[in-house]
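Everything on this sheet refers to the single structure shown next.
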Amino acid sequence: MIFLEDQCIKVNGVVLPGVVKSIEVVESAQIDEQTVEGSSTKPKQATGYEDAKINVELILDNTATQTKYQRLAVVRTLFRKSGQTVPQPISFVNEDTAAHGISKVLFKGLTHKVESKRDQLAVTLEFWEYVPQTIKAAKKSSSSSSSSSASSNLTADYKSYLTTKRGQSPAVDDASSSAALNSVAQMPY
C-alpha cells in the first residue's frame, strides 16, 4: 500500500505534516439513567449532546529536509507554544469535521509511538469540539428594593405571625443544660 502526503487537515492555519492514516469524528448524546425503586428497568432521559471528539492518526517519516522527530516537534508546537499553560481554542479545517459543523477545537492529547522495524512514528492526536459558552450578566438590584418586594409577596396572616412571639428552642432557654437535654429528649421525632 502506498501513501502520499496530502494536505487534508489544517490546524491553527498550518497543514499537519505526514500521512493521515485515519480521522475519526465521534458525536454522542448525554443520556441519564434513573433508578426507580421496585422496577428492574432503568428509564432513560436525554439531557443534551456531548462535545464531539476527533481522533487523527498520522504517520511521520523522515524527509529530505526534516527528521521524523523534527516533524513531531512541528506538530507539538501547533498546540502548545512555548510558555503556554492552558490549551486555547484553535481552528480546525478538514472536510470530515466540516461535515459535522466543527471549525474550532480544543487540543486534548498527543501520543506517539515508534513502530518496530520501521523508520517512522505513529502519532495520534485527540481534539474535542470547542463550543463557547456565553454568560449573560444581569444588573444587581439594590438590597432595599429586593427585601421590600420579598415582604410584599407575603400574606397578611403570615406577616402577623412573624411579628408575634413564636417561642424559643428548649436548648436556648435559660434552663440548665441537663434540663434542656431532657426537654429535647421528650420532643416527638
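Residue numbers (our numbering): 1284 to 1472.
We treat Cβ as the ideally placed atom computed from N, Cα and C, and that holds for glycine.
Within the same chain, show all residues whose beta-carbon is closer than 8 Å to that of residue i, passing over the 5 residues directly before and after it, in chain order.
i	result
Ile1285	Residue placement at Ile1285 is poorly supported in this model, since its pLDDT is 43, which falls under 50; the coordinates still yield a value, given next. Hits under 8 Å: none found.
Leu1287	Note that Leu1287 has pLDDT 47, beneath the 50 cutoff, so the model's placement of it is unreliable and no number is given.
Consult DSSP for residue i and reduce its assignment to one of helix, strand or coil.
i	result
Leu1361	helix
Gln1338	Residue 1338 is actually Asn in this sequence, not Gln. Reduced to three states, the DSSP call for Asn1338 is strand.
Gln1349	coil
Leu1299	coil
Leu1287	Low confidence applies here, because Leu1287 scores a pLDDT of 47, under 50, leaving its location unreliable; read the following figure in that light. Coil.
The beta strand (DSSP E) with residue i in it runs from where to where?
i	result
Leu1445	Careful: Leu1445 lies outside any beta strand (DSSP E), inside the alpha helix (DSSP H) at Ala1439 to Thr1446.
Glu1307	Val1302 to Val1309
Val1397	Lys1387 to Val1397
Asp1315	Ala1312 to Glu1316
Ala1421	Here Ala1421 belongs to no beta strand (DSSP E), and DSSP marks it neither H nor E.
Tyr1332	Lys1327 to Tyr1332
The alpha helix (DSSP H) spanning residue i covers which residue range?
i	result
Glu1378	Glu1378 to Ala1382
Quick one: what's got a C-beta closer than 7 Å to residue i's C-beta in the same chain, skipping five residues either side?
i	result
Thr1318	Lys1325
Val1297	Leu1361
Thr1380	Val1308 and Ile1337
Bridge partners of residue i, per DSSP?
i	result
Ser1374	Lys1387
Val1369	DSSP output for Val1369 lists no bridge partner at all.
Asp1344	Gln1403
Is there at least one Cβ from chain D nearer than 7 Å to residue i's Cβ?
i	result
Ala1420	The structure shown contains no chain D; it is built from a single protein chain.
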